[in-house]
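Q: Before I ask anything, here is the structure I am working with.
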Amino acid sequence: MRSSWADLAANSAAENAPTPPPSAAAAVANNAANTRPVYVPPHLRNRGPSAPAPAAPAFDNSGSRWAPPPRNDYRGGGGGRGGGGYGNRGGGGWDRREANPFADQDDSEEPVTQEEQENTGINFDAYEDIPVETSGGNVPPPVNTFAEIDLGEALNQNIRRCKYVKPTPVQRHAIPISLGGRDLMACAQTGSGKTAAFCFPIISGIMTGQPAQRPPRGVRTVCPLALVLSPTRELSMQIHEEARKFSYQTGVRVVVAYGGAPINQQLRELERGVDILVATPGRLVDLLERARVSLSMIRYLALDEADRMLDMGFEPQIRKIVEQMDMPPAGVRQTMLFSATFPKEIQRLASDFLSNYIFLAVGRVGSSTDLIDQRVEYVQESDKRSHLMDLLHAQRANGVQGKQALTLVFVETKKGADALEHWLCLNNFPATTIHGDRSQQEREAALRSFKSGNTPILVATDVAARGLDIPHVAHVVNFDLPNDIDDYVHRIGRTGRAGKKGLATAFFNENNTSMARSLQDLMQEANQEVPAWLSRFAARSSFGGGKNRRSGGGRFGGRDFRREGSFSRGGSDYHGAGNSGGGYGASGGYGGGGYGGGYAGNSAGPGVTSAWD
DNA sequence: AAAAAAG
């Protein structure tokens with residue numbers, strides 16, 4: 001598929017003239033007469049007439065099936081509205097024009113108004129005074145602007161189209177680390193732009209890196225250069241949509257594959273070429289076993305919600321994909337793990353997939369205090385429905401134009417989700433539900449309907465707990481509390497995103513006593529008001545410690561497990577040994593004492609644990 | 001024990 005880039009380059013060199021790509025021999029000859037490098041990075045391939053003519057590629061495969069006809073996705077100026085030709089994704093068969101992922105947005109060149117920024121952008125004021133913790137050797141310093149990083153003009157333009165003005169904290173730190181070629185384990189807040197944090201370096205790396213060799217002879221096997229895995233289908237879809245925006249007109253192709261949807265369409269997309277494959281594990285294993293995908297060329301591996309991907313349910317599949325197929329080993333490929341939460345048992349498992357990695361935890365002080373208002377109410381099992389009804393009524397009263405604010409209600413079981421949805425509808429609350437017993441079509445329809453406000457109440461199992469970015473979720477209700485505090489963190493993280501405020505209400509009763517202590521600790525750390533009755537439950541249940549207890553007092557949602565043992569446990573002074581200056585150059589390495597935490601000198605109170613993506 | 005992920 002590299003050759004399709006080559007064709008593009010050739011095409012571009014000919015100023016978009018409809019001439020066939022040069023033969024390999026011609027390419028070589030041309031190159032011999034020309035000292036320019038043979039490889040043309042994708043960000044140069046869509047250049048307009050003013051761009052210097054790139055050298056012809058040395059690896060042209062014209063005549064083979066890997067050299068499809070030249071793409072015609074150059075559009076004058078590159079940034080304009082472009083008129084027709086968009087939205088032909090899925091139509092047209094061999095029409096290779098790239099659908100405009102920004103088609104549904106106002107693409108005018110008007111400066112972004114304050115209001116717009118407020119409504120659509122990220123509220124960066126919410127990200128001041130971020131505590132940052134890094135460990136590992138030679139940590140690259142963070143950047144403050146996208147301009148400081150050379151991501152290439154095409155990517156920069158997409159960043160502007162996305163209305164990203166400056167990098168979020170996780171992006172400031174993670175992008176230089178990734179661009180530096182380092183493996184990374186990153187804990188980052190919910191809704192703080194973590195997808196971009198791993199997409200930008202991957203796209204940039206593919207654009208500027210060496211051209212890929214031709215895929216092996218397996219006729220229909222495709223060889224992506226990057227693999228992004230996520231635990232749910234909807235999250236994979238979302239990552240794919242984001243990544244498509246970031247890679248628009250870069251020549252980098254992103255394809256998604258997940259279960260529950262017809263495989264044939266996904267196969268067709270794969271055959272058109274794939275640089276970045278976004279997938280759920282099951283469908284990927286299927287594709288690997290059918291030999292439709294080979295991982296032999298993988299340079300970048302990203303696990304989103306990495307702790308989830310490595311817990312009991314997923315670990316075997318992930319090991320199979322990463323260790324037992326044909327993926328290059330750690331140290332050869334570059335591996336990036338992202339999550340809000342990273343229990344140290346899982347960190348230990350994860351380290352199998354990493355090589356000399358940097359651990360990064362980025363959080364903001366008092367984030368939950370400012371952004372997610374957490375409440376816990378004591379509600380008997382039998383009273384939950386009527387209590388929920390009260391909340392919804394109160395909200396409706398506050399709603400704009402009688403419109404219900406978006407409310408996401410988490411329950412424990414799929415049956416429970418159906419039952420609650422049914423009951424809500426009976427009571428004139430337009431609700432829908434998403435869970436694993438529904439068809440993929442139903443799941444996607446439910447999500448759409450919720451996002452659009454058509455059914456402003458979504459009853460969900462944990463399938464919706466992680467990663468999903470649903471704008472304007474005003475309220476997350478933990479109708480049934482999860483059994484794991486990390487799940488709670490992810491669930492409430494569906495609100496209070498991109499610097500906006502949110503509300504989270506949990507129903508607590510005797511069935512949740514195992515959560516009392518961890519919930520109390522979490523809320524305390526986030527400067528939330530803890531009801532006295534909850535503290536009593538916590539005191540009562542705390543003797544055994546409890547599996548939900550976060551070690552060391554849990555100032556951060558994540559902490560490098562490699563540092564365990566080099567500090568006295570008990571966590572009275574989590575950051576005490578770190579220098580609180582700007583020293584990002586951690587020198588410690590594994591378990592060494594020389595941890596240079598770049599803790600952003602905050603004395604305003606306890607750190608944050610609340611919302612980590 | 002539940003949920004998710006292949007069909």
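The opening position of the first sequence corresponds to residue 1 in the UniProt record's numbering, with each subsequent residue numbered one higher.
Glycine included, every Cβ here is placed at the ideal spot set by N, Cα and C.
Could you say if the region 328-335 and the region 259-270 meet the contact criterion of at least three C-beta pairs nearer than 8 Å?
A: Output reads no: the region 259-270 does not touch the region 328-335.
Q: Which residue comes first and which comes last in the beta strand (DSSP E) that contains Ser135?
A: Val132 to Ser135 is the extent of the beta strand (DSSP E) around Ser135.
Q: Starting from the Cα of Pro141, find the closest Cα among Leu155, Val170 and Ile177 and give me that residue.
A: Ile177
Q: Going by CA-CA distance only, name the one from Val530, Arg292 and Ala464 that's closest to Ser236.
A: The shortest CA-to-CA distance from Ser236 to any of Val530, Arg292 and Ala464 is the one to Ala464.
Q: Are the region 375-383 and the region 441-453 touching by the rule of at least three beta carbon pairs closer than 8 Å?
A: no
Q: Any heavy atom of the ligand SAM closer than 8 Å to the Cβ of Gly137?
A: Questions concerning the ligand SAM fall outside what the structure shown contains, since it holds no ligand whatsoever.
Q: If you check the beta carbons only, do residue 634 and Val293 fall under 9 Å apart?
A: Lying outside 1 to 613, the shown extent of the chain, residue 634 is not represented and no answer is given.
Q: Just the C-alpha distance for Glu148 and Ala330, rounded to the nearest angstrom, thanks.
A: 29 Å
Q: For Arg319, does the three-state DSSP call read helix, strand or coil?
A: helix
Q: Quick one, are the C-beta atoms of residue 615 and Leu360 less than 9 Å apart?
A: Outside the modelled stretch of the chain, which goes from 1 to 613, sits residue 615, for which no answer is possible.
Q: Got a sec? Which residues, its chain only, sit under 6 Å from His387 by beta carbon, not counting five neighbours each side?
A: Val379
Q: Ignore the nearest five residues each way along the sequence and tell me which others in Arg244's own chain have a CB closer than 6 Å to its CB.
A: Pro101 and Val254
Q: Can you pull the DSSP bridge partners for Arg160?
A: Per DSSP, none; premise fails for Arg160.
Q: Select from Glu421, Val322, Glu305 and Phe450 the residue whose C-alpha is nearest the C-alpha of Gly493.
A: Glu305
Q: Tell me, please, whether the region 454-471 touches the region 405-417 by the rule of three or more beta-carbon pairs shorter than 8 Å.
A: yes
Q: Decide yes or no for the touch test of the region 447-458 against the region 481-495: beta carbon pairs closer than 8 Å, at least 3 of them.
A: no
Q: Just verifying my parser: in three-state terms, what is the DSSP assignment at Ser514?
A: helix
Q: Along the chain, where does the beta strand (DSSP E) containing Leu277 start, and where does it finish?
A: Ile276 to Ala279
Q: May I ask which residues mark the beginning and end of the alpha helix (DSSP H) holding Cys425?
A: Judged by DSSP secondary structure, Cys425 falls within the alpha helix (DSSP H) whose first and last residues are Lys414 to Leu426.
Q: Over the uninterrupted alpha helix (DSSP H) stretch that includes Cys199, give me the two end residues.
A: Lys194 to Thr208
Q: State the DSSP-derived secondary structure class of Gln334, mapped to helix, strand or coil.
A: Strand, per DSSP.
Q: So Thr280 and Thr232 are supposed to be a Cβ contact under 8 Å. How far apart are they, rounded?
A: 7 Å
Q: Which one or two residues does DSSP pair with Asn478 in a beta bridge?
A: Phe410 and Ala506
Q: Have a look at Val28 and Gly209 and give me their C-alpha separation to the nearest angstrom.
A: For Val28, the predicted structure reports a pLDDT of 33, less than 50, and the residue's modelled location is therefore unreliable. The matter cannot be settled from this model.
Q: Taking only runs that begin and end inside the region 349-400, name each unbroken alpha helix (DSSP H) of 4 or more residues, in chain order.
A: The qualifying runs are 367-370 and 384-398.
Q: Relative to the C-alpha of Cys187, which residue among Leu229, Lys500, Asp521 and Ala197 is closest?
A: Ala197
Q: For Gly273, does the count of other Cβ atoms within 10 angstroms reach 16, so buried, or fall short, so exposed?
A: buried
Q: For a test of the three-state rule: what should DSSP assign to Leu284, helix, strand or coil?
A: helix
Q: Could you check whether His490 and Arg466 sit closer than 9 Å to each other, using their CB atoms as the reference points?
A: yes
Q: Assuming contact is defined by CB atoms lying nearer than 9 Å, are Gly278 and Ser230 in contact in what I supplied?
A: Per the sequence shown, residue 278 should be read as Val rather than Gly. Yes, they are a contact pair.
Q: Within 10 angstroms of the Cβ of Ala394, are there 16 or more other Cβ atoms? Answer buried if so, exposed if not.
A: exposed
Q: Suppose contacts are defined by Cβ-Cβ distances below 9 Å. Is Gly363 in contact with Gln157 by that definition?
A: no
Q: Relative to the C-alpha of Thr195, which candidate in Ser541, Ile159 and Met523 has its C-alpha closest?
A: Selection Ser541, Ile159 and Met523 evaluated against Thr195 yields Ile159 as nearest (Cα-Cα).
Q: Within a Cβ cutoff of 7 Å, which residues of the same chain sit near Phe353, ignoring the five residues on either side of it in sequence?
A: Val322, Ala330 and Thr335
Q: What residues in its chain sit with their C-beta under 6 Å from that of Leu179, if we drop five residues either side in the sequence?
A: Excluding sequence positions up to five before and after Leu179, its CB lies within less than 6 Å of the CB of Pro201, all in the same chain and listed in chain order.
Q: Leaving out the 5 sequence neighbours to the left and right, which residues in its chain are closer than 7 Å to residue 615 when beta-carbon positions are compared?
A: Residue 615 lies beyond the stretch modelled for the chain, which goes from 1 to 613, so this question has no answer here.
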